[in-house]
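Visitor: Just dropping this structure here.
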Amino acid sequence: MMHPSRQAYVEEAEDTDMGIDLANIPVDRDYELPSAAAGIPSARASAILSQFERKRRAAAMAVPTDDTRVRARLRELGEPITLFGEGPADRRDRLRELLTDLAERQDAAAAEGDVDMREATAEAEEGEEGEQQEEFYTEGIPELLEARKAIARFSLPRAKARVERLKEESTIPLRTHIKHRKAIKEKLHNFDLYGSQIAGDRPVSICRFAPDGQTIATGNWGGGIRLLSVPNLDEKLSLNAHTDRVGGLAWFPGATLPASNVSESSVNLVSGGGEGNVCLWSLDKKEPLATLSGHSGRVCRTEFHPSGRYVASASYDTTWRLWDVETSVELLLQEGHSREVYTVAFNNDGSLMASGGLDSIGRIWDLRTGRTVMILEGHIREIFGLDWGVDGYRVLSGSGDGWVKCWDLRQVRNIGGIGAHKSVVSDLRWYKGTESSASHLPSTDGQNGMEVDGAPANEQQSAPVQPRKSGTFFVTSGFDKNVNIFSADDWSLVKTLSGHAGNVLSTDVSDDARWIASCGHDRTVKLWGIE
Numbered sequence: 398m399m400h401p402s403r404q405a406y407v408e409e410a411e412d413t414d415m416g417i418d419l420a421n422i423p424v425d426r427d428y429e430l431p432s433a434a435a436g437i438p439s440a441r442a443s444a445i446l447s448q449f450e451r452k453r454r455a456a457a458m459a460v461p462t463d464d465t466r467v468r469a470r471l472r473e474l475g476e477p478i479t480l481f482g483e484g485p486a487d488r489r490d491r492l493r494e495l496l497t498d499l500a501e502r503q504d505a506a507a508a509e510g511d512v513d514m515r516e517a518t519a520e521a522e523e524g525e526e527g528e529q530q531e532e533f534y535t536e537g538i539p540e541l542l543e544a545r546k547a548i549a550r551f552s553l554p555r556a557k558a559r560v561e562r563l564k565e566e567s568t569i570p571l572r573t574h575i576k577h578r579k580a581i582k583e584k585l586h587n588f589d590l591y592g593s594q595i596a597g598d599r600p601v602s603i604c605r606f607a608p609d610g611q612t613i614a615t616g617n618w619g620g621g622i623r624l625l626s627v628p629n630l631d632e633k634l635s636l637n638a639h640t641d642r643v644g645g646l647a648w649f650p651g652a653t654l655p656a657s658n659v660s661e662s663s664v665n666l667v668s669g670g671g672e673g674n675v676c677l678w679s680l681d682k683k684e685p686l687a688t689l690s691g692h693s694g695r696v697c698r699t700e701f702h703p704s705g706r707y708v709a710s711a712s713y714d715t716t717w718r719l720w721d722v723e724t725s726v727e728l729l730l731q732e733g734h735s736r737e738v739y740t741v742a743f744n745n746d747g748s749l750m751a752s753g754g755l756d757s758i759g760r761i762w763d764l765r766t767g768r769t770v771m772i773l774e775g776h777i778r779e780i781f782g783l784d785w786g787v788d789g790y791r792v793l794s795g796s797g798d799g800w801v802k803c804w805d806l807r808q809v810r811n812i813g814g815i816g817a818h819k820s821v822v823s824d825l826r827w828y829k830g831t832e833s834s835a836s837h838l839p840s841t842d843g844q845n846g847m848e849v850d851g852a853p854a855n856e857q858q859s860a861p862v863q864p865r866k867s868g869t870f871f872v873t874s875g876f877d878k879n880v881n882i883f884s885a886d887d888w889s890l891v892k893t894l895s896g897h898a899g900n901v902l903s904t905d906v907s908d909d910a911r912w913i914a915s916c917g918h919d920r921t922v923k924l925w926g927i928e
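Using our numbering, you'd call the opening residue of the sequence shown number 398 and step up by one each time.
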């Protein structure tokens, strides 16, 4: 039996939740923060939280991705633009840390009542972002306006003649084209190594045939230029004007041809060097006729305009420039690439020019207006080679990703691609040679007895339009030590020319299609001949 006074207490306790008695609650008088229980002092925990906040803020900081802009921003902040062993990614991380420190100092100054610069910083960042996206124009000199007019006058009649030729070619039966291409493919299979010659103490970076096919101009990493005879590859002339590697070589249109009015004492050759100069050469002097200075980086490629009045140069200073050959005046400094510009190429009309660089982007420029006609986006590595087809609307591009892509200006898109090499495609040349009997390629006229329009050639009463030989194939060089010949209609590999002991840096084909030249890291120039 329970005492009545105790019975009431028990009944009341059963109705409530049985918990811990207030008197039995444990009391820890030596308590610490949970962070201390984990072994982290409170001061350090605060520092860790601050560090997390700093990392979050740094990740949200707008930092340029282009290394040139990163260097410029570091220079604005009064910091070294590069440190020993520092790469582009490290340099960008350092800039991010500096900008984060600057923002924290501005916040601290604002908290103390000083001038609040957060608004100004935000406006500056917005302005910088706007500059990256905004298209801008630079006022040109009066000579540039006259040059654009002259280019328009020169290109329009050539474009008209080209269109008329394309209309005539559209009447050629398909089977005639097929027979023509098949005969050319069979002929191209006969290319084989003819000769080899050491052309420098260092790697030979570029080789280009003269218009008459009797001379090869070569440039090497030592800054020297050598002219070699064809087919013996004997040295005819040695030129030295560059202090760094020769990247660009191009012959004046019509130079060395007996029918042209280009003399040996006038401009015959243009070259570009690693020191940033562009030199114009004659064939009777060992000194340049003119030196065009203006680039702040290495000149990688040079090309003559089809009229011969202008020269384009591509440089590592992220620009390409247009020069007047007669006056040596810089007519145009063209930006548009985010990284180094490596190659340039004019179309046959002279109205358009293609440029490509290490940003993996190509651009087509209208020289008559200065506007971008088309952007070539599709490569995942640098663009090292560009060349136009004779039809005037197709462009080939060779890239470090090993691919050659074909771009159609009419459709404004990529219309084909070839895995041309196992490694970098260093150079490419689309055959744009002669249509005369001097060509070593077969034709569909009465000289070889091929059928045209279904009847033997000797039975044709009137000479029909014949398919072109030019534009039927192109050659590429690569870092897989090979030179490849491709058909330009079905993009098939016709033949691989192997013989170099190192990376092949450049290649070219003569106007009569009899010779292919190549050069590379093994310091040799190799001549490949057709039987």
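Backbone N, C-alpha and C fix where the C-beta goes; we use that ideal spot for every residue, glycine too.
Could you name the residues of the same chain whose beta carbon sits closer than 7 Å to that of residue 893, not counting the 5 residues immediately before and after it, in chain order?
Guide: 879 and 881
Visitor: How many Å lie between residue 786 and residue 540 at the Cα?
Guide: 30 Å
Visitor: Out of 551, 546 and 800, state which residue places its alpha-carbon closest to the alpha-carbon of residue 704.
Guide: Closest by alpha carbon: 551.
Visitor: Look at the alpha carbon of residue 367 and the alpha carbon of residue 899, and state the distance between them as a whole number of angstroms.
Guide: There is simply no residue 367 to check, as the chain begins at 398 and stops at 928 in what is shown.
Visitor: What is the DSSP secondary structure of residue 709, reduced to helix, strand or coil?
Guide: strand
Visitor: From the DSSP output, which residues share a beta bridge with residue 582?
Guide: DSSP lists no partner for residue 582.
Visitor: Can you tell me whether residue 774 is helix, strand or coil according to DSSP?
Guide: strand
Visitor: With a CB to CB cut of under 8 Å and the five nearest residues on each side skipped, what residues in its chain are close to residue 549?
Guide: Result list for residue 549: 748 and 765, in chain order.
Visitor: Specify, as a first and last residue, the run of the beta strand (DSSP E) that residue 763 falls within.
Guide: 758 to 763
Visitor: Counting C-beta neighbours from all protein chains within 10 Å, is the total for residue 448 16 or more, i.e. buried, or is it exposed?
Guide: exposed
Visitor: Thinking C-alpha only, which one of 621, 575, 808 and 463 is nearest residue 864?
Guide: 575
Visitor: My output table needs one value for residue 901: the three-state DSSP class, helix, strand or coil.
Guide: Residue state, collapsed to three classes: strand.
Visitor: Would you identify the three-state DSSP class for residue 876, choosing helix, strand or coil?
Guide: coil
Visitor: What residue from 504, 660 and 471 has the CA that sits closest to residue 490's CA?
Guide: 471
Visitor: What are the boundary residues of the alpha helix (DSSP H) that residue 646 is part of?
Guide: Element bounds for residue 646: not the alpha helix (DSSP H) but the beta strand (DSSP E), 643 to 648.
Visitor: Given a cut-off of 8 Å, decide if residue 604 and residue 817 are closer than it, judged by their beta-carbon atoms.
Guide: no
Visitor: Output needed for residue 568: all residues of its chain with C-beta closer than 7 Å, excluding positions within five of it in sequence on either side, in chain order.
Guide: 862
Visitor: Identify the residues that DSSP records as bridge partners of residue 617: which are they?
Guide: 601
Visitor: Does the distance from the CB of residue 380 to the CB of residue 621 come in under 8 Å?
Guide: Missing from the structure shown is residue 380; the chain here goes from 398 to 928 and no further.
Visitor: Less than 8 Å between the beta carbons of residue 342 and residue 642, yes or no?
Guide: With the chain represented from 398 up to 928, any question about residue 342 goes unanswered, as that position is not in the structure.
Visitor: Starting from residue 483, follow the alpha helix (DSSP H) in both directions and report where the run begins and ends.
Guide: Per DSSP, residue 483 belongs to no alpha helix (DSSP H) and is neither H nor E.
Visitor: Output yes or no for whether 8 Å exceeds the beta carbon distance between residue 738 and residue 715.
Guide: yes
Visitor: With C-beta atoms as the reference, is residue 797 less than 8 Å away from residue 824?
Guide: no
Visitor: Do residue 870 and residue 581 have their CB atoms nearer than 8 Å?
Guide: yes
Visitor: So what does DSSP say about residue 611, is it helix, strand or coil?
Guide: coil
Visitor: Can you find the residues in the same chain that come closer than 8 Å, C-beta to C-beta, to residue 611, ignoring five residues on each side of it along the sequence?
Guide: 626, 627 and 653
Visitor: Using the C-alpha atoms, what's the distance from residue 494 back to residue 706?
Guide: Each residue's CA atom was taken as its position, placing residue 706 and residue 494 some 50 Å apart.
Visitor: In angstroms, rounded to a whole number, what distance separates the CA positions of residue 722 and residue 596?
Guide: 28 Å
Visitor: Give the C-beta separation of residue 896 and residue 912 to the nearest angstrom, bearing in mind that I take them to be a contact with Cβ-Cβ under 8 Å.
Guide: Between residue 912 and residue 896 the Cβ distance is about 14 Å, and since that is not below 8 Å, they are no contact.
Visitor: Return the CA-CA distance between residue 624 and residue 689, expressed in angstroms with no decimal places.
Guide: 22 Å
Visitor: Got a sec? Which residues, its chain only, sit under 8 Å from residue 800 by beta carbon, not counting five neighbours each side?
Guide: Cβ neighbours of residue 800 beyond the five flanking positions: 776, 814, 815, 816, 817 and 822.
Visitor: Can you tell me which of the three DSSP states residue 638 falls into?
Guide: coil
Visitor: May I have the straight-line CA-CA distance separating residue 571 from residue 578, to the nearest angstrom?
Guide: Cα to Cα, residue 571 sits roughly 11 Å from residue 578.
Visitor: Excluding sequence positions up to five away, which residues of its chain have a Cβ less than 7 Å from the Cβ of residue 677?
Guide: Leaving aside the five residues that flank residue 677 on each side, the residues in its chain whose CB is nearer than 7 Å to its CB run, in chain order, 664, 667, 685, 686, 687 and 722.
Visitor: DSSP three-state label for residue 465, please.
Guide: helix
Visitor: With residue 873 and residue 594 assumed to form a contact (beta carbons below 8 Å), what rounded beta-carbon distance in angstroms separates them?
Guide: 22 Å between Cβ atoms; not a contact.
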